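These notes concern the structure reproduced below.
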Amino acid sequence: MSNAGGSLVPPDRVHAGIAGIGGQKNAKMSAAGLTSLTRCGVLVLRSPAGLAVRYAQTAAAPAAQPRIKKFQVYRWDPDTPGDKPRMQTYEVDLNACGPMVLDALIKIKNEMDSTLTFRRSCREGICGSCAMNINGGNTLACLDKIDTNLNKPTKIYPLPHMYVVKDLVPDMSNFYAQYKSIEPYLKKKDESREGKEQYLQSVEDRQKLDGLYECILCACCSTSCPSYWWNADKYLGPAVLMQAYRWMIDSRDDFTEERLSKLQDPFSLYRCHTIMNCTRTCPKGLNPGKAIAEIKKMMATYKERKTATV
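Rendered as structure tokens:
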């Protein structure tokens, strides 16, 4: 016999249930003589007094209606240079997909089109690998929730104004070369103690680095900056400049003056026109625009000191 959840009911429990309704006499009666099936398949136990205990059979849950979402994805293959870039449409059932755009891309690659190429790693907004342009804004695919409006397709492009390696994979070579150029590491003028002791700093000095060190170098900010679009060969861009500032104000670093001197040319720093696209698009909620403004203030006092010593 089945209960409402679909599990079998042992005969002794059936007898106990009858006893609770009709007394000990009923408990000694054969359950077989007290059962009947209704037309809808419900098991009924009846006592001599006419009372009944009903056990419904398990019914399968109705199948969920598919929620088909369209994803229009930028495609370009360097192995077929004669083919122009195109947008390819994929349809994904959101009932069988995770909530993030990266989940949809992984599902497309695993189940529909293994040739689709994109970068991804941590899936939690830490590595910066899956940076791309989604519905017109630079962001991380692993942090961007799928728009559940089924009438509106999600459009996915690689980061803008960068050379494309394939599909959604941008060429980050220039970006990393610029990052290397600022020497993003602690530098001491007295190298005799390097590796022999820790360089301590006060709580206040450490707090100055908050909002700077969290940058994951995804390049969302730099590739949203019009100045970087047109001067990427000379202008360092928001991400790299924010990291330059991070080391300039580190109390443990001895090369602040030298770091400033490298930014005196007209392009490395001063192509920033405070458009603030960088701050608006940062998926980590950082403020590269403010960091660049602080460098400009430091540069002004640096030039004054330099002029005074001449």
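Numbering (our numbering), first residue to last: 5 to 314.
Each residue gets a CB set at the ideal place from its N, CA and C atoms; glycine is no exception.
Quick caveat, the model's predicted, so the values are computed rather than measured.
| Query | Result |
| --- | --- |
| Who are the Cβ neighbours of Thr-260 in its own chain at under 7 Å, not counting the five residues just before and after it? | Met-252 |
| Suppose you measure from the CA of Asn-153 to the CA of Cys-224; what does that come to, to the nearest Å? | 25 Å |
| How would you label Gln-61, buried or exposed, when you count the other beta carbons within 10 angstroms and need 16 or more for buried? | exposed |
| How would you call Leu-290, buried or exposed, if buried means at least 16 neighbouring beta carbons within 10 angstroms? | buried |
| When the distance is taken between beta carbons, is Pro-287 closer than 9 Å to Leu-147? | yes |
| Within its chain, find whatever has a CB closer than 6 Å to the CB of Ile-296; leave out the 5 residues flanking it on each side and keep chain order. | Leu-245, Cys-276 |
| For my contact list, Leu-221 and Tyr-183 are in at a C-beta cut-off of 8 Å; report their separation, rounded to the angstrom. | 7 Å |
| Grab me the residues of Lys-238's own chain with a C-beta within less than 6 Å of its C-beta, minus the 5 sequence neighbours each way, in chain order. | Phe-271 |
| Quick check on Asn-155: does DSSP put it in helix, strand or coil? | coil |
| Nearest to Asp-171 by alpha carbon, out of Pro-66, Asp-83, Lys-300, Arg-284? | Asp-83 |
| Under a Cβ-count criterion, where at least 16 other Cβ atoms within 10 Å of its own Cβ denotes burial, should Gly-86 be classed as buried or exposed? | exposed |
| Taking only three categories from DSSP, how would you classify Arg-263? | helix |
| Taking the beta strand (DSSP E) that Arg-90 belongs to, which residues open and close that run? | 90 to 97 |
| When the Cα atoms are used, what is the spatial distance from Gly-293 to Cys-229? | 11 Å |
| Just the C-alpha distance for Asp-209 and Glu-308, rounded to the nearest angstrom, thanks. | 25 Å |
| Here's the rule: buried if 16 or more other CB atoms are within 10 angstroms of the residue's CB, otherwise exposed. What is Gly-199? | exposed |
| Terminal residues of the continuous alpha helix (DSSP H) containing Gln-69? | It is not in any alpha helix (DSSP H) - Gln-69 carries neither H nor E in the DSSP assignment. |
| Cutting at 7 Å between CB atoms, please list the residues of its own chain near Asn-178, excluding the five before and the five after it. | Ala-236 |
| Return the first residue and the last residue of the beta strand (DSSP E) that Ala-285 is part of. | First, the amino acid is wrong: residue 285 is Thr here, not Ala. Note, Thr-285: premise wrong, no beta strand (DSSP E); alpha helix (DSSP H) at 281 to 285. |
| Roughly how many angstroms lie between the CA atoms of Arg-127 and Cys-219, to the nearest whole one? | 16 Å |
| Note down, in chain order, each residue of its chain lying with its Cβ closer than 7 Å to the Cβ of Ser-125, except the 5 sequence neighbours on either side. | Cys-131, Ser-133 |
| Quick one: what does DSSP say Thr-143 is sitting in, helix, strand or coil? | strand |
| Considering only the alpha carbon of each residue, which of Pro-157, Gly-129, Ala-65 lies closest to Asp-97? | Pro-157 |
| Phe-75 by DSSP, collapsed to three states: which one? | strand |
| Where Asn-281 and Gly-141 are concerned, what is the direct C-alpha to C-alpha distance, given to the nearest angstrom? | 10 Å |
| Considering Cα atoms alone, identify which of Pro-164, Gln-268, Gly-129, Lys-212 is closest to Tyr-232. | Pro-164 |
| According to DSSP, what are the bridge partners of Pro-174? | Val-168 |
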